[in-house]
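Take 1 as the starting number for the sequence shown in my numbering and just add one per residue. Structure record follows, encoded as structure tokens.
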Amino acid sequence: MQSNLIKKLKKPWKVGGKEATEIEVRPATMKDVSEAEQSASAYQPNTFNMQMACLQVVRAGDFTGPFVVSHFANMRPAQFAEITDAMREADRLGED
Numbered sequence: 001m002q003s004n005l006i007k008k009l010k011k012p013w014k015v016g017g018k019e020a021t022e023i024e025v026r027p028a029t030m031k032d033v034s035e036a037e038q039s040a041s042a043y044q045p046n047t048f049n050m051q052m053a054c055l056q057v058v059r060a061g062d063f064t065g066p067f068v069v070s071h072f073a074n075m076r077p078a079q080f081a082e083i084t085d086a087m088r089e090a091d092r093l094g095e096d
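Quick look at the structure:
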């Protein structure tokens with residue numbers, strides 16, 4: 001059974017007009033990978049990771065999306081690394 005990961009953010013993320021202090025992320029599927037590859041080549045890892053985040057992030061605070069690349073594009077790399085770390089952790093937990 002798939003369960004989502006809820007992760008506190010070190011620094012609030014302004015999304016959907018409000019500041020979010022936590023995110024909810026679900027494990028990825030191969031459909032997600034395929035859709036992200038169609039939107040951004042896997043040879044463009046940063047853009048690909050943003051596309052994956054659009055699909056895997058279920059919620060940021062009260063904002064439930066839809067998430068688009070522009071939500072992530074203005075983040076600092078360290079802040080986006082928190083998102084990608086949560087995505088990897090959700091994927092690992094989804095394997096169990």
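Yeah, the Cβ is synthetic: ideal placement off N, Cα and C, and Gly gets one too.
State the start and end residues of the unbroken beta strand (DSSP E) segment that holds residue i.
| i | result |
| --- | --- |
| V15 | 5-15 |
| A20 | 18-25 |
| A73 | First-last for A73: 69-73, but that is the alpha helix (DSSP H), not the beta strand (DSSP E). |
Residue j and residue i - do their beta-carbons sit closer together than 7 Å?
| i | j | result |
| --- | --- | --- |
| E19 | I6 | no |
| V33 | M50 | no |
Excluding the 5 residues flanking residue i on each side, which residues of the same chain have their C-beta closer than 6 Å to its C-beta?
| i | result |
| --- | --- |
| M87 | V25, Q56 |
| G16 | F63 |
Among residues of its own chain, excluding the 5 on either side of residue i, which ones have a beta-carbon nearer than 7 Å to its beta-carbon?
| i | result |
| --- | --- |
| A36 | F48, Q51, M52, L55 |
Based on the DSSP secondary-structure assignment, which residues constitute the bridge partners of residue i?
| i | result |
| --- | --- |
| A60 | I23, F63 |
Need the endpoints of the alpha helix (DSSP H) that residue i sits in, please.
| i | result |
| --- | --- |
| S39 | 30-39 |
| R92 | 77-95 |
Three-pair Cβ contact test at 8 Å for the region 26-34 versus the region 65-74:
no
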